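Let me begin by presenting the structure, written as structure tokens, before commenting on it.
Chains as they are written, first to last, in this note's numbering: chain E, 36 to 538; chain L, 4 to 340.
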């Protein structure tokens, strides 16, 4: 028989009280391969990773490394066995230098017991060379971009002789250039004989990198195939168990009057002057690279950042948004890009999350006293309309899946009946089934006459959902593209400034 | 720690089955412990004291315990709101002294009792307003601002009394400290009223929801259009008013204005809040749990006194119990993670 695989999991099951997370799962990872693991949120990917990282142990089933059964009991044990997991949130100390981070936990000592700074420095240079170099070992980690920090973390894993490298949504916070650099590094690690388990929602990446693709659904192994034998559509079907060819289902909307008009708005620093018009009942896409100023533009309109130049009109009336509550009172809602950090109160119930806006709380209270009946009505309406899957409206939001959490955030804004809705990456980290539902919700809002601004880095989504597309570059609007003109190429050309007609 | 482990747990539960049933990741015992554990500790403590200390369960002594604990409990009630917003108020002990002195000064200058009582509370609220404004609008750390308050208010207390106790044998509002209302000591009635009021405020008002929202996620609260700064100011005003009321009760009980009143009370108040399980990270907790925390401390003090435990040992035992109770609390989170 040939050599056993680097990592093999067979018959693995794991239950948490009330939930069967994984059922009889099979998984093999070979040395020198990039193996993509795909599945919707809730498919069991995180549970599998946590088992490899020594956070959870399987209830039944075996895990083998090089054909030898192992039981990974603690995170330290995982490291000792040569398994490294790079999480979405990095596990380094941002206040220390790159070199100090690389030595973290195993700092070399001099003969008298003090820290051997020279050796830390020497080792750091050598470790960074193995991942392509180009990073200053003396730089304070927190001053580097997220992509660079990730490279440092990979360097650390390599230095600890990791043979299995697990990457959990590594490009979620990276710019395009950084992602490209990561891809080359990942391929190099493979060529050096490492086994890489790559988890991502992004189909392009998976097709660019993966040698084999495994799909999980509802805690079950659905299948493993070489990349060449799978069409993207097959993967989606395996993930959701149904055909999703009409993901966007876009029929053009008929825009009404101008609802929001911005003339030369800017923050007096890097953003603006911006001209922007959103009409009632249309979905305007806002594309551009990360750092182009899209989020900042939305925050200016919403009053989260002060407008220093230019004018803003809503429904024909001049408005001055000094803080978000002013914008909300004028009928503007804002779904920020990071729902856990910027939108949700994770320890609070769905009910409280839906009513908690400056305006919503006013509407459900008399003289500051909450009216329980009014709250229930309001919350039930949103939970039903958005089909939030929950046991009851009193469930803590932290317990919901990403897609359902995002629906709660949407419900909060729909409850105030907005005229303008600003959506910043509304489907980030959301599984495909929930994505489709969110697109339907956006579509229905536009049909009801809401003016929607959709910021998205997911190009197929941007093009599939929007009636027209604005592209930002360096804090200003570089191009406006009709639905016909907008393609992945034209948007990227304007976003990067290559296009000749770019403003 | 508490938050992270809870978040992890729920994240894995949610990931495991898109629709996680409520509190799926936690066994029944953990849920019960979460809700009633601290009450169990109080009951256990009472049983223990009833066995060990003679007369502990006598009618008079039960009121003694409650009355002795009432000042700390009132301070802790206001402190709960502050801690729910991720803040801290170290100035409440010194504020108590100033307010108590002010109420006695008002009396000696010939004011009617009502003015003395309300004046004391108003002064407390005013110092709370000052701290709150510095914390909210100048974005200064609450720890530093109120540490300053602890010191300058103590200085103010000495200045107002020239460093001597201000005796007022004919104090008109002495019943605030030593009176009975329907057979219950007045400080206990006031304490219960404060807790009932703040329970209602946190649970059933717009302001209460804003407090939890700000403590849970300040950035999300701002982006939801909540007036974060103004809400924070109001929280410190409430904590100050509670210190003011506690100061008036203190003065009424000893029938004098004491410049040394309330020293280190801020720490007892924080201990009661934490014993009750309110998270120092903000967003999780309630005043009813703080009341239980304050009662645990009261029962402990009283029981040790009845057992004639020397004062030095009392301090050691009290300190140990606080650390132990919090350790048990975090142990349960450890298991879950």
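All C-beta atoms, glycine included, are put in the ideal place defined by N, C-alpha and C. Just so we're clear, the structure is a prediction, and the values are computed from it rather than from any experiment.
- At a C-beta separation below 7 Å, residue 387 of chain E has these neighbours in chain L: 212.
- Residues of the stretch 110 to 128 of chain L with a C-beta atom less than 9 Å from some C-beta of chain E do not occur.
- Contact between the stretch 420 to 439 of chain E and the stretch 255 to 270 of chain L is absent: fewer than 3 CB-CB pairs across the two stretches fall below 8 Å.
- Apart from sequence neighbours up to five positions away, the residues of its chain that approach residue 116 of chain L with a beta-carbon distance below 7 Å are 175, 176, ordered along the chain.
- One Cα belongs to residue 170 of chain E, the other to residue 321 of chain E, and the distance between them is close to 33 Å.
- Taking the Cα positions, residue 269 of chain L is about 58 Å away from residue 513 of chain E.
- The residue among L:248, L:167, L:203, L:219 with its C-alpha nearest the C-alpha of residue 86 of chain L is L:219.
- The DSSP-derived three-state label of residue 90 of chain L is coil.
- Of all residues in the stretch 373 to 384 of chain E, only 376, 377, 378, 379, 380, 381, 382, 383 come within less than 8 Å of chain L when Cβ atoms are compared, listed by chain position.
- Listed along chain L, no residue sits closer than 8 Å to residue 506 of chain E by beta-carbon distance, the nearest being about 25 Å off.
- For secondary structure counted as the beta strand (DSSP E) over 3 or more consecutive residues, the stretch 209 to 247 of chain E holds these complete runs in sequence order: 230 to 234.
- Where residue 161 of chain L is concerned, the enclosing alpha helix (DSSP H) starts and stops at 145 to 164.
- When E:343, E:60, E:380 are compared, the shortest CA-CA separation from residue 441 of chain E is found for E:380.
- For residue 49 of chain E, the number of other beta carbons within 10 angstroms of its own is at least 16, and it is reported as buried.
- The count of Cβ pairs closer than 8 Å, one atom from the stretch 288 to 299 of chain L and one from the stretch 45 to 62 of chain L, reaches three, so the stretches are in contact.
- In this structure, residue 190 of chain E keeps its C-beta atom at 7 Å or more from the C-beta atom of residue 220 of chain E.
- DSSP places residue 49 of chain E in no alpha helix (DSSP H) but in the uninterrupted beta strand (DSSP E) bounded by 42 to 51.
- Rounded to the nearest angstrom, the gap between the Cα atoms of residue 186 of chain E and residue 156 of chain E is 17 Å.
- Those residues of the stretch 70 to 94 of chain L placed with their C-beta closer than 9 Å to a C-beta in chain E do not exist.
- Only residues of its own chain outside the window of five on either side were considered, and among them 172 have a CB closer than 7 Å to the CB of residue 160 of chain E, listed in chain order.
- The beta carbon of residue 464 of chain E sits closer than 6 Å to those of 437, all from its chain and outside the five residues before and after it, given in chain order.
- Contact check between the stretch 117 to 136 of chain L and the stretch 88 to 107 of chain L: three or more CB pairs, one atom from each, fall below 8 Å, which counts as touching.
- Using a CB distance cut-off of 7 Å, residue 260 of chain L does not count as an interface residue toward chain E.
- The stretch 56 to 64 of chain E and the stretch 265 to 278 of chain E do not touch, with fewer than three beta-carbon pairs separated by less than 8 Å.
- Minimum Cα-Cα distance from residue 287 of chain L among the listed residues E:309, E:258, E:382, E:260 corresponds to E:382.
- Per DSSP, residue 280 of chain L lies in no beta strand (DSSP E) and is assigned neither H nor E.
- Within the stretch 249 to 322 of chain L, not a single complete beta strand (DSSP E) segment reaches 3 residues in length.
- Pairing residue 211 of chain E with residue 176 of chain E, the inter-Cα distance amounts to about 21 Å.
- Taking 3 residues as the minimum length, the beta strand (DSSP E) runs contained wholly in the stretch 292 to 371 of chain E are 293 to 301, 309 to 314, 318 to 323, 344 to 349, 352 to 354, 367 to 370, in order along the chain.
- Taking a Cβ-Cβ cut-off of 7 Å, the neighbours of residue 394 of chain E in chain L comprise 228, given in sequence order.
- Close to chain E, meaning a Cβ-Cβ distance shorter than 7 Å, are the following residues of the stretch 261 to 292 of chain L: 286, 287.
- Considering only E:292, E:81, E:310, the residue with the shortest C-alpha distance to residue 506 of chain E is E:310.
- Each of E:455, E:461, E:430 was checked against the Cα of residue 444 of chain E, and the nearest Cα belongs to E:461.
- Note that the stretch 142 to 153 of chain E does not touch the stretch 227 to 244 of chain E; fewer than 3 beta-carbon pairs, one per stretch, sit closer than 8 Å.
- Counting only the Cα atoms, residue 166 of chain E lies some 21 Å from residue 143 of chain E.
- Fewer than three beta-carbon pairs drawn from the stretch 178 to 194 of chain L and the stretch 320 to 336 of chain E are found closer than 8 Å, and the two stretches are therefore not classed as touching.
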